Amino acid sequence: MPQSNLQEQPASKMLVTATVTFYLVAAIAMVLANKWVLDKTTLPLFFLFVQLVIAVLLLLLAHLVGFLRLPAHLDIGVCRGLAPLVAINVLGLTFNNYTLKYVDASFYQVARGLVLPLTVGISFVVLHSRPSLRVLSACGIVTAGFFVGLLLDRTYSTSPASHATRYTFLGPLFGILSSCTTALHAVVIKRSLEVVHGSALELAWYSNLLSAFGLIPLVLVAGEGPGVIELLSGTAPVVGINTGVSALKTFVWGSLITGVIGFLICLAGFLSIKVTSPVTHMISSAVRGVLQSLLSVWFFGDIITTGRASGIGLILAGSIWYTWVRNVETQQAQEQAKPVYEQVPMKEVEEGERRD
């Protein structure tokens, strides 16, 4: 038995490394691919709808080949129970896309920098979980990073391909709304897991499927109907820098790429929950933020200003500090064997970002 345990240890480390790398690559690719398409389309909600449809089809394909096991039929009771999560998911994905459309990919992390403070605040109001002073200090550092990046940068978009420079206030506004929905998602997801008896896969299946249906009226309300008809008929103009590729071809390839990557992120999320610790996940998220900013300079010509870099640095420092504090507090609570309130873990705070 000791020998088998020794043999399992290296495999576990390899699995953790592979999972972190998998999630890292998929998450960065998703943001960059989304930004590439959003810079060239005026249909962000229809683009999101197509992404969800592709993710649903890939989940069905994985079920048919025996890779995954999905529910045999849709349970109306489950659909009703998941209604709050689906509503938050639809709004969150919508705000995420609009944020990314109106800010640089390198500023995206700053625009959504209030996720952690809002999650702690909402968990206090909804779950009555009083945060410690060290948790509040971590939230203060993250909040300072958000305002430093917001007030010192003031451009939010420097990419020559992006049209966000004409709507500088919209990017941060959608970023704040996106942070609110992500924080709500982190709180509601616990109750939603109870509806599907703790099955993360079943939750992902219902969430993607119902969110796709939920987006249909939003596409029409946002006035994207005529644009969709133009796109499908091949008469839609290419937005941004004209590379000679039609708008339809750009949209189709972008949707396929991001749809597949979104499916991979879904799988990476399941693996991450099972394999990695909150500290490991936070470190990988920090690395992702830095790499994402650097790659944005290369792909989109973004400019990393002093304010932008300072904001990202403070947000990452506060997030890492929060994760360390939560681990210490959890260990102390376990040692004392006393019931304590449960703060929303950073892994669940990051759950919404795994969709981008």
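So the sequence shown is numbered by my numbering: it starts at 108 and just counts up by one.
All C-beta atoms, glycine included, are put in the ideal place defined by N, C-alpha and C.
Treat the numbers as computed from the prediction; the structure is a model and nothing was measured.
Going by DSSP, Glu309 is part of the alpha helix (DSSP H) stretching over 307-328. Leaving aside the five residues that flank Ile161 on each side, the residues in its chain whose CB is nearer than 6 Å to its CB run, in chain order, Gly366.
In the structure shown, Asp409 falls within a coil segment according to DSSP collapsed to helix, strand and coil.
Between Ser318 and Asn196, the gap from beta carbon to beta carbon is short of 7 Å. Between the C-alpha atoms of Thr288 and Phe253 there is a straight-line separation of about 17 Å.
Counted as a single uninterrupted DSSP element, the alpha helix (DSSP H) harbouring Arg187 occupies residues 183-188. Listed in chain order, the non-local C-beta contacts of Asn315 below 6 Å within the same chain comprise Leu159, Ala162, Val163, local neighbours out to five positions each way being set aside. The C-beta distance from Ser230 to Val294 rounds to 6 Å, short enough to fall under 8 Å. Annotation: His235 is outside any alpha helix (DSSP H) and is labelled neither H nor E by DSSP. Membership of Gly282 in the alpha helix (DSSP H) is indicated by the continuous run 277-302. Using a C-beta cut-off of 8 Å, the segment 176-189 makes no contact with the segment 203-223, since fewer than three inter-stretch Cβ pairs fall below that distance. If you draw a straight line from the Cα of Pro224 to the Cα of Gly247, it is about 8 Å long. Rounded to the nearest angstrom, the Cβ distance from Gly414 to Asp211 is 13 Å, too far for a contact under 8 Å. A Cβ-Cβ separation of about 6 Å places Leu152 in contact with Thr201 under the 8 Å criterion. In the DSSP assignment, Val217 falls within the alpha helix (DSSP H) that extends over 215-218.
Between the C-alpha atoms of Asp146 and Leu280 there is a straight-line separation of about 18 Å.
The shortest C-alpha to C-alpha distance from Glu309 to any of Leu291, Leu175, Met137 is the one to Leu175. Look at Val172 here: in three-state DSSP terms it is coil, with no helix or strand label.
Arg237 has its alpha-carbon roughly 14 Å from the corresponding atom of Thr437. Collapsing the DSSP output to three states places Asp260 in a helix.
Each of Pro178, Thr250, Trp312, Ile183 was checked against the Cα of Gly418, and the nearest Cα belongs to Thr250. Counting every other CB atom within 10 Å of its CB across the protein chains shown gives His304 a total below 16, marking it as exposed. Under the 8 Å Cβ criterion, the segment 137-146 counts as touching the segment 358-372, having at least three qualifying pairs. Gly334: member of the alpha helix (DSSP H) spanning 332-340, first to last residue. For Leu327 and Val123, the gap between their C-alpha atoms comes out near 43 Å. For Leu401, the number of other beta carbons within 10 angstroms of its own is below 16, and it is reported as exposed. Ranked by Cα distance from Thr148, the options Gly334, Thr126, Thr128, Val172 are led by Gly334. Between Gly369 and His292, the CB-CB gap reaches or exceeds 7 Å. Here Ile372 is near Met137, since their CB atoms are less than 7 Å apart.
Gly282 and Thr206 do touch by the CB rule: their CB atoms are close to 5 Å apart, below 8 Å. For Thr412, the CB contacts under 6 Å within the same chain, skipping 5 residues up- and downstream, are Asp260 in chain order. Between Tyr429 and Ala245 the beta-carbon gap is near 4 Å, inside 8 Å, which marks them as a contact. Within the model, the alpha-carbon separation for Pro324 versus Gly330 is close to 10 Å. Leu284 is the residue among Ala169, Val242, Leu284 whose C-alpha sits nearest the C-alpha of Leu221.
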